[in-house]
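Novice: Please see the structure below; I have some questions.
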Amino acid sequence: MEDNLRNRLQMFIGKFTEEMQQHLLHQKPKPGANNLLTDTSLIKWDCKNNEAIINKARKLIWVAHNSNGGKSVEILLKDFDKAYKAITEAEENLYSMADRHIATETVTAKQAALNATIDAFLDKMPKVFDPFAGGGAIPLEAARLGCRTFGNDINPVAHIIQKGSLEFPQKYGKPIIYSKTEFEKLYGKEELIKWCITNGKHADAKDLKIEIANRLSFDVEFYAKKLLSETEKEIGYLYPTDKKGNEPIAYYWARVGTCINPSCKAEIPLLKSFYLANTKSKLVYLNPIIKGKSVTFEIKIGKSPNESWLYRGNLQCPVCGNTTDVNALKQQFLDKKTSERLIAVIEEGKNSKEYRLPKSTEIEILSKVPKMSKDPANQCLLNTLRPYLPVLGVLLNGVIY
Ligand SMILES: C[S@@+](CC[C@H](N)C(=O)[O-])C[C@H]1O[C@@H](n2cnc3c(N)ncnc32)[C@H](O)[C@@H]1O
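Each step along the sequence shown adds one to the number in our numbering, with nothing skipped, and position 216 is 1380.
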């Protein structure tokens, strides 16, 4: 790195350790990952929730932003402390109330008082607007530093992510206290008993108050578990645990087309790729075994030596070498003459996913999957990740899955 004022300033702001500065400026050996930044660095991951460090940065911004009003640094810092204290007091005033989720007159007044203190603070901080905010990294950091922040994006997915990472944590990621009646009404008796056991309380205690440190994370966990258990009830039997306790997490299956050559007619799984895992650290692939007209697979580790037999919707038969062109294959789809075959089973291993061939009992299980009462009827988009499906006449999303 060049030794100039800009880079030295960045090192000072980032709080790089002396060893790291020596490395960057004078090509000295690079220190270990834990010794790149000092323990007071705002950008160090371990410091992300350190209020003292974040507040130091907020104070610097506050002073810099308000310094042209003629006030001294000491006065500006006192103003900061006063505005910050007003927020914490208003929060305490609201969050110490039981059942603040019900918008009574008192709750509404206390919420308005809190909003007013936050507004007063933000009025003294810079405004940050990111019109192309994507995942919201810039608004998130600006908001963390106490700025009045706006994010925007044309993409609805980015917008939803921004709501999840910027808006909801600020609105709902706060403490809440429930009365026993309200908690039971919202989460049920079972959850109440669970909370009491975890927190060493008796469910029949007089004036029991259920204190939740973060309403948003509590709700996310509660509803995620509920969704999981409902899903388990509905389709859990399709993922049976074996004697060793292994449980399938996914089934890998393929559509099967028929070779057009009348003397062959082999049934070929229409696989675009033979890889089950294809990452930098893990390569697992299906190795085809051709015996007569039967096409089966074994699972191997490493780089697949085989090219796909499906190219732009044309199938080159691995048995006879004949090509079944895209139109002939499409006709098989339209005539509903294709079938499906379970190719592999993916399990959660000790350290990572594991892959194996299916057992006969699993093939039976899959034939018991109830048909959807109504297929989602929206059209597949052309040029999506599976462009060959529409080419082959699979035009509705409901038919893909
Ligand atoms: C490079 S990303 C933004 C990354 C983001 N600033 C960050 O630091 O993570 C650009 C974003 O601009 C959005 N975008 C593009 N054109 C836009 C427009 N006309 N109006 C609003 N957002 C737009 C895209 O949807 C995309 O999410």
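Glycine included, every Cβ here is placed at the ideal spot set by N, Cα and C.
Just so you know, these numbers come straight off a predicted model, no measurement behind them.
For a test of your reading of the model: does the CB of Phe-1314 fall under 7 Å from any non-hydrogen atom of ligand 1? Yes or no.
Specialist: By 1-based counting over the sequence shown, the position of residue 1314 is 150. Answer for Phe-1314: no, Cβ out of range of ligand 1.
Novice: Leaving out five residues on either side along the sequence, give the residues of the same chain with a beta carbon under 6 Å from the beta carbon of Ile-1302.
Specialist: Here the question's residue 1302 lines up with position 138 in the sequence shown. So the qualifying residues of the chain are Asp-1294.
Novice: Are there any heavy atoms of ligand 1 lying less than 7 Å away from the beta-carbon of Phe-1180, as far as the coordinates show?
Specialist: As a position in the sequence shown, residue 1180 is number 16, starting the count at 1. The answer is no for Phe-1180.
Novice: Considering only the beta carbon of each residue, do Tyr-1259 and Pro-1339 sit closer than 8 Å?
Specialist: Residue numbering aside, residue 1259 sits at position 95 when the sequence shown is read from its first letter. Residue numbering aside, residue 1339 sits at position 175 when the sequence shown is read from its first letter. In this structure, Pro-1339 lies closer than 8 Å to Tyr-1259 by Cβ.
Novice: Quick check: Ile-1507 and Pro-1412, are their CB atoms within less than 8 Å of each other?
Specialist: Taking the first residue of the sequence shown as 1, we reach residue 1507 at position 343. Taking the first residue of the sequence shown as 1, we reach residue 1412 at position 248. In this structure, Pro-1412 does not lie closer than 8 Å to Ile-1507 by Cβ.
Novice: Less than 7 Å between C-beta atoms, sequence neighbours within five positions excluded: which residues of the same chain meet that for Ala-1247?
Specialist: Counting from 1 along the sequence shown, the entry for residue 1247 is found at position 83. Closer than 7 Å at Cβ, skipping near neighbours: Ala-1284, Phe-1285, Lys-1288.
Novice: Specify the secondary structure class of Tyr-1162 as computed by DSSP and reduced to three states.
Specialist: Absent from the structure is residue 1162, since the part of the chain shown begins at 1165 and ends at 1565.
Novice: Measure the alpha-carbon distance for Asp-1489 versus Gln-1495 and round it to whole angstroms.
Specialist: To locate residue 1489, count along the sequence shown from 1; it is residue 325. To locate residue 1495, count along the sequence shown from 1; it is residue 331. Asp-1489 and Gln-1495 have their C-alpha atoms spaced approximately 10 Å apart.
Novice: Within the region 1223-1287, note down every full alpha helix (DSSP H) run reaching 4 residues or more, in order along the chain.
Specialist: Annotation note: the region 1223-1287 contains the following uninterrupted alpha helix (DSSP H) runs of length 4 or greater, listed N- to C-terminal: 1237-1259, 1269-1286.
Novice: Let me check you understand the geometry: is the CB of Phe-1296 closer than 7 Å to at least one non-hydrogen atom of ligand 1?
Specialist: The residue you call residue 1296 lines up with position 132 of the sequence shown. Under cutoff, so the answer is yes.
Novice: How about Leu-1201 and Phe-1176: do their beta carbons lie closer than 8 Å?
Specialist: On the sequence shown, residue 1201 is found 37 positions in, with the first residue counted as 1. On the sequence shown, residue 1176 is found 12 positions in, with the first residue counted as 1. Not in contact: Leu-1201 and Phe-1176 (Cβ atoms no closer than 8 Å).
Novice: For a test of your reading of the model: does the CB of Ile-1399 fall under 7 Å from any non-hydrogen atom of ligand 1? Yes or no.
Specialist: Residue mapping note: residue 1399 aligns to position 235 of the sequence shown, counting from 1. Within 7 Å of the C-beta of Ile-1399 there is not a single heavy atom belonging to ligand 1.
Novice: Drop a sphere of 10 angstroms on the beta-carbon of Ala-1222, count the other beta-carbons inside from all chains shown, and report buried for 16 or more, exposed for fewer.
Specialist: Here the question's residue 1222 lines up with position 58 in the sequence shown. Per the sequence presented here, residue 1222 reads as Arg, with Ala not at that position. By the 10 Å Cβ count, Arg-1222 comes out buried.
Novice: Give every residue of the same chain whose Cβ lies closer than 8 Å to the Cβ of Thr-1460, excluding the five residues on either side of it in the sequence, and list them in chain order.
Specialist: Counting from 1 along the sequence shown, the entry for residue 1460 is found at position 296. Same-chain partners within the cutoff: Pro-1452, Ile-1453.
Novice: Which residues does DSSP list as the beta-bridge partners of Asp-1368?
Specialist: Start at 1 with the first residue of the sequence shown, and residue 1368 comes out as number 204. The partner list for Asp-1368 (beta bridge, DSSP) is empty, contrary to what the question assumes.
Novice: Identify whether Gly-1178 lies in helix, strand or coil by the three-state DSSP scheme.
Specialist: The count along the sequence shown starts at 1 and reaches residue 1178 at position 14. Looking at Gly-1178 - three-state DSSP - the assignment turns out to be helix.
Novice: Taking all protein chains shown into account, decide if Lys-1535 is buried (16 or more other Cβ within 10 angstroms of its Cβ) or exposed.
Specialist: As a working mapping, residue 1535 is identified with position 371 in the sequence shown. It is exposed - the Cβ of Lys-1535 has fewer than 16 other Cβ atoms within 10 Å.
Novice: Which same chain residues end up closer than 7 Å to Trp-1359 when comparing Cβ atoms and leaving out the 5 residues on each side of it in sequence?
Specialist: Counting from 1 along the sequence shown, the entry for residue 1359 is found at position 195. Taken in chain order, the residues that qualify are Ile-1374.
Novice: How is the alpha helix (DSSP H) around Val-1321 delimited, first residue to last?
Specialist: Position 157 of the sequence shown, counting from 1, holds the residue named residue 1321. For Val-1321, the enclosing alpha helix (DSSP H) covers residues 1320-1326.
Novice: Counting along the chain, where does the alpha helix (DSSP H) carrying Asn-1491 start and finish?
Specialist: To locate residue 1491, count along the sequence shown from 1; it is residue 327. Here the alpha helix (DSSP H) through Asn-1491 covers 1490-1498.
Novice: Bridge partners for Leu-1447 per DSSP, in chain order?
Specialist: Here the question's residue 1447 lines up with position 283 in the sequence shown. As a beta-bridge residue in DSSP terms, Leu-1447 pairs with Asn-1442.
Novice: Quick check: what's the CA-CA separation for His-1323 versus Gly-1298?
Specialist: Counting from 1 along the sequence shown, the entry for residue 1323 is found at position 159. Counting from 1 along the sequence shown, the entry for residue 1298 is found at position 134. Whole-angstrom Cα-Cα distance: 8 Å.
Novice: Here's the rule: buried if 16 or more other CB atoms are within 10 angstroms of the residue's CB, otherwise exposed. What is Leu-1549?
Specialist: If you number the sequence shown from 1, residue 1549 lands on position 385. A caution first: Leu-1549 carries a pLDDT of 47, below 50, which makes its placement in the model too unreliable to give a value.
Novice: Is it buried or exposed, Lys-1344, if we count other Cβ atoms within 10 angstroms and call 16 or more buried?
Specialist: As a first step, residue 1344 must be located in the sequence shown, where it is residue number 180. Lys-1344 should be labelled buried.
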